[in-house]
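Convert by adding 26 to the 1-based position in the sequence shown; the result is the number in the working numbering.
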Amino acid sequence: MKNNTRNDSTPGAVTCFVTRVVQEKLAKLGITDEFDLLLHLPLRYEDETHLYPINDLPENRTVQVEGIIIHSEVMYRPRRQLVCQVEDGSGILFMRFLNFYGSQVKAYAAGTRVRLLGEARPGFFGVEMVHPKCRIVREGEPLADALTPIYPVAAGLASGTIRKLILQTLQRLVECGDPQSHLSETLPGTFLRHYRLQGFRDSIIFLHQPLPDASAALLQERKHPAWRRIKFDELLAQQLSMRLHYRQRRSQSAPLLLNKNKLTTALLQSLPFELTSGQKKALAEISRDLAASHPMQRLLQGDVGCGKTIVAALAMLQAVENDYQAALMAPTEILAEQHYQKLSGWLEPLLAPLGITIARLSGSQKKKQREGALADIAEGRAMLAVGTHALFQEQVEFDRLGLAIIDEQHRFGVHQRLALRMKGTHADAVPHQLMMSATPIPRTLSMSYYADLDVSVIDGLPPGRTEVTTKLVADTRRDEVTARIREACHAGKQAYWVCPLIEESEALQLKTAQETHETLSLTFQDLKIGLVHGRLSAREKSAVMESFKKGEIQLLVATTVIEVGVDVPNASLMVIEHAERMGLSQLHQLRGRVGRGAEASICILLYQKPLSTTAQERLRIIFEHNDGFEIARQDLRLRGPGEFLGARQSGVPMLRFADPEYDRDLLDDARTVAEELLRDHPEAANRHLHRWLGRKSEYLRV
Ligand code: ADP
Ligand code: MG
Numbered sequence: 027m028k029n030n031t032r033n034d035s036t037p038g039a040v041t042c043f044v045t046r047v048v049q050e051k052l053a054k055l056g057i058t059d060e061f062d063l064l065l066h067l068p069l070r071y072e073d074e075t076h077l078y079p080i081n082d083l084p085e086n087r088t089v090q091v092e093g094i095i096i097h098s099e100v101m102y103r104p105r106r107q108l109v110c111q112v113e114d115g116s117g118i119l120f121m122r123f124l125n126f127y128g129s130q131v132k133a134y135a136a137g138t139r140v141r142l143l144g145e146a147r148p149g150f151f152g153v154e155m156v157h158p159k160c161r162i163v164r165e166g167e168p169l170a171d172a173l174t175p176i177y178p179v180a181a182g183l184a185s186g187t188i189r190k191l192i193l194q195t196l197q198r199l200v201e202c203g204d205p206q207s208h209l210s211e212t213l214p215g216t217f218l219r220h221y222r223l224q225g226f227r228d229s230i231i232f233l234h235q236p237l238p239d240a241s242a243a244l245l246q247e248r249k250h251p252a253w254r255r256i257k258f259d260e261l262l263a264q265q266l267s268m269r270l271h272y273r274q275r276r277s278q279s280a281p282l283l284l285n286k287n288k289l290t291t292a293l294l295q296s297l298p299f300e301l302t303s304g305q306k307k308a309l310a311e312i313s314r315d316l317a318a319s320h321p322m323q324r325l326l327q328g329d330v331g332c333g334k335t336i337v338a339a340l341a342m343l344q345a346v347e348n349d350y351q352a353a354l355m356a357p358t359e360i361l362a363e364q365h366y367q368k369l370s371g372w373l374e375p376l377l378a379p380l381g382i383t384i385a386r387l388s389g390s391q392k393k394k395q396r397e398g399a400l401a402d403i404a405e406g407r408a409m410l411a412v413g414t415h416a417l418f419q420e421q422v423e424f425d426r427l428g429l430a431i432i433d434e435q436h437r438f439g440v441h442q443r444l445a446l447r448m449k450g451t452h453a454d455a456v457p458h459q460l461m462m463s464a465t466p467i468p469r470t471l472s473m474s475y476y477a478d479l480d481v482s483v484i485d486g487l488p489p490g491r492t493e494v495t496t497k498l499v500a501d502t503r504r505d506e507v508t509a510r511i512r513e514a515c516h517a518g519k520q521a522y523w524v525c526p527l528i529e530e531s532e533a534l535q536l537k538t539a540q541e542t543h544e545t546l547s548l549t550f551q552d553l554k555i556g557l558v559h560g561r562l563s564a565r566e567k568s569a570v571m572e573s574f575k576k577g578e579i580q581l582l583v584a585t586t587v588i589e590v591g592v593d594v595p596n597a598s599l600m601v602i603e604h605a606e607r608m609g610l611s612q613l614h615q616l617r618g619r620v621g622r623g624a625e626a627s628i629c630i631l632l633y634q635k636p637l638s639t640t641a642q643e644r645l646r647i648i649f650e651h652n653d654g655f656e657i658a659r660q661d662l663r664l665r666g667p668g669e670f671l672g673a674r675q676s677g678v679p680m681l682r683f684a685d686p687e688y689d690r691d692l693l694d695d696a697r698t699v700a701e702e703l704l705r706d707h708p709e710a711a712n713r714h715l716h717r718w719l720g721r722k723s724e725y726l727r728v
């Protein structure tokens, strides 16, 4: 969480007691005021409160010993090093420095009493410490009376300096006794008791100056009550801001879109399949929300291929039944086009007799077409609109938008989503909003980062799907792969060949795609091969996709533009080149393009060695798992929430201390407390929010 929104001239600013130079260095650590400083919590602690006898040193732990140097020598074999023998009456320990100054050679002369802090290991000469922290002491020098905190540092600002600054600040705050200070308690006492939380002030003081008998393990694992309190407060601030946001949206009014069961029933009856129980459940939740007088803010999650589009179509019809418009926005032109085709196929037979049309909008449209679509939308002839982000540009005016649906929402930034929502033309009614995502968000994350949304989950896939078999194949065995593709295509199957992702340059990516297409055309002279990539016009793209769908093309060479949504059930083979460069959710999405028909499907991941550890790990996960939720969970573990959530983070307070998965119990409590505070103690909620998020919380209320 960045605090750059806070003002330097506030009374709590660090300005009042440090020089400008130090101030700038602190700013690099994200510290701009006293509260930031208090929250600059130690990474770990060193225990200088005990001395251990040399003959009884615990392994794998940083420990302190004290002794006299009995011998000191610069040795040259196997390389130049300073080796000293330290004796404490119980035994002898070798201290070894591979890099050292002349001054150290002098200082560590025989007869000198030293205290060493380091990890002891069996070494070349005997038990040794390599590069310990070494301090010359007098006999009987007192030991530290608290664990020594080690702080995250910035260039030119040592942990010790930071420690001093923090201790000064703490002391001043304690002495001033101001009940409104940064150390004051934000939670009512009943809450502290009921949720067994330690006081805020005590927790902060403790973390900066833990007592010698504090459990180093609890501190290290951040399970100590003091740590738990800080994490709780952070989670609480996050929950408060998001729940506040949620409540505010709920206090607005939205069009009542009652479920009239006319068009929706007609559509359901015309489908060649029945909804799965997961789809039915999600639809019921959405339908109920639409019929409420406040705007829906729901996230629909479900694995690739679970059938979210039909649920969206049914929700859109519920809007139409109530004479409101509905819009569906997709992140790519291919997907928008496919949605348009799909909706037309399903809905036109129902809507045409009523004189209702579906408009489509995309960036690459001809001016005339576009103007026609805009007019249809503005004058309410088109009750449904499908498109890319072209849908929420300024020129687009809806006559009466009742429902905005955003597919693959993780591909859009917060601002784009807000923009579409704001498209409601009736000043007094905000359109309902449904977001859909095939990148499942693990439950703890969605409880925390998506606390401003209601979540529906479609469990399971439609019946008759066959699990995709994944194969990992080294690039050196390409020939086997091409032989296999040829054989399959001759047997009437269709395949995707996904080109390597080249993140650095779109031009290079295009070049690679074209080259791959050329090479494969030579390899497979007996097959019909198509090429689709992001630079084709919308018309060209849909022409290629159309002939692939019709089976005119057998092998489709594609960039990752086909990653989301594309649905061609007859395609049952996929080759992904340089799979090691792709992220987990991308691989899972790509793989989701096959396995959509009754045919047993195969996804071949070609990789090139050497593989980095993470790449290896990613390939292992995608190989072992087919379930999107499990893959997401593992992805989260690999990357951490910040990267995992991507665009979502702009506008949502990220967590510094708490980890929703690890601190699940605290998250549960924070959710409850947030609701209770907002209901019963709004002033405490406010104070807490202000402390943790400063002005950032206002941004969230956009
Ligand atoms: P996603 O959730 O990934 O967006 P889609 O909506 O594209 O999935 O659906 C994938 C395919 O499954 C489509 O061809 C769709 O028509 C089909 N489908 C959806 N629901 C069902 C169902 N209940 N039974 C059979 N097929 C279904
Ligand atoms: Mg989809």
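All C-beta atoms, glycine included, are put in the ideal place defined by N, C-alpha and C.
Can you tell me where the alpha helix (DSSP H) holding residue i begins and where it ends?
i, result
"Pro-375", "359-377"
"Gln-535", "532-549"
"Glu-423", "No alpha helix (DSSP H) holds Glu-423; DSSP gives it neither H nor E."
"Leu-616", "610-617"
"Arg-11", "Any property of residue 11 remains undetermined from this structure, which presents the chain solely from 27 to 728."
"Tyr-522", "Element bounds for Tyr-522: not the alpha helix (DSSP H) but the beta strand (DSSP E), 520-524."
Can you tell me whether DSSP reads residue i as helix, strand or coil?
i, result
"Asp-82", "helix"
"Met-121", "strand"
"Val-200", "helix"
"Leu-479", "coil"
"Val-48", "helix"
"Met-342", "helix"
"Gln-391", "coil"
"Lys-731", "Nothing about residue 731 can be read from this structure; the chain reaches only from 27 to 728."
"Ala-597", "strand"
"Ala-385", "strand"
"Cys-515", "helix"
"Leu-55", "coil"
When the Cα of residue i is compared with those of the options, which residue comes out closest?
i, options, result
"His-415", "Ala-362, Leu-369 and Gly-398", "Ala-362"
"Arg-269", "Arg-622, Tyr-476, Asp-695 and Phe-655", "Tyr-476"
"Gly-149", "Leu-119, Ile-162, Gly-333 and Glu-165", "Leu-119"
"Gly-328", "Gly-654, Leu-703 and Thr-640", "Gly-654"
"Glu-92", "Thr-302, Leu-191, Gly-117 and Leu-289", "Gly-117"
"Lys-306", "Pro-281, Ser-319 and Thr-335", "Thr-335"
"Phe-232", "Ile-57, Leu-65, Ala-318 and Ile-80", "Leu-65"
"Arg-491", "Ile-192, Cys-332, Lys-159 and Asp-706", "Cys-332"
"Gln-246", "Ser-388, Glu-709 and Pro-175", "Pro-175"
"Ser-229", "Arg-314, Ile-256, Ser-303 and Ile-96", "Ile-256"
Note down, in chain order, each residue of its chain lying with its Cβ closer than 8 Å to the Cβ of residue i, except the 5 sequence neighbours on either side.
i, result
"Arg-386", "Ala-362, Glu-363, Tyr-366, Ala-399, Ala-411, Val-412 and Gly-413"
"Thr-45", "none"
"Glu-405", "Asp-425"
"Arg-273", "Leu-704"
Got a sec? Which residues, its chain only, sit under 6 Å from residue i by beta carbon, not counting five neighbours each side?
i, result
"Val-179", "Ser-185"
"Gln-660", "Ile-647"
"Ala-711", "Leu-266, Leu-703 and Leu-704"
Along the beta strand (DSSP E) that carries residue i, what are the first and last residues, could you check?
i, result
"Lys-159", "159-162"
"Ser-463", "458-463"
"His-97", "88-101"
"Leu-289", "That residue, Leu-289, is in no beta strand (DSSP E); its alpha helix (DSSP H) goes 289-296."
"Glu-72", "70-72"
"Thr-174", "174-176"
"Met-571", "Run containing Met-571: none in the beta strand (DSSP E); it sits in the alpha helix (DSSP H), 564-575."
Under 8 Å, do residue i and residue j count as touching if we go by C-beta distance?
i, j, result
"Leu-784", "Leu-293", "There is simply no residue 784 to check, as the chain begins at 27 and stops at 728 in what is shown."
"Met-283", "Tyr-350", "One point to set straight first is that residue 283 is Leu, not Met, in the sequence displayed. In this structure, Tyr-350 lies closer than 8 Å to Leu-283 by Cβ."
"Arg-227", "Leu-209", "yes"
"Asp-505", "Tyr-633", "no"
"Gln-421", "Met-462", "no"
"Leu-289", "Leu-376", "yes"
"Leu-645", "Leu-631", "yes"
"Leu-719", "Ala-53", "no"
"Thr-75", "Asp-171", "yes"
"Ala-514", "Cys-525", "no"
"Ile-7", "Lys-497", "The shown model of the chain, from 27 to 728, leaves out residue 7, and the question about it has no answer."
Short of 7 Å in beta carbon distance, which residues of its chain neighbour residue i, apart from the five on each side in sequence? Order them along the chain.
i, result
"Pro-158", "Met-121, Leu-142, Leu-143 and Gly-144"
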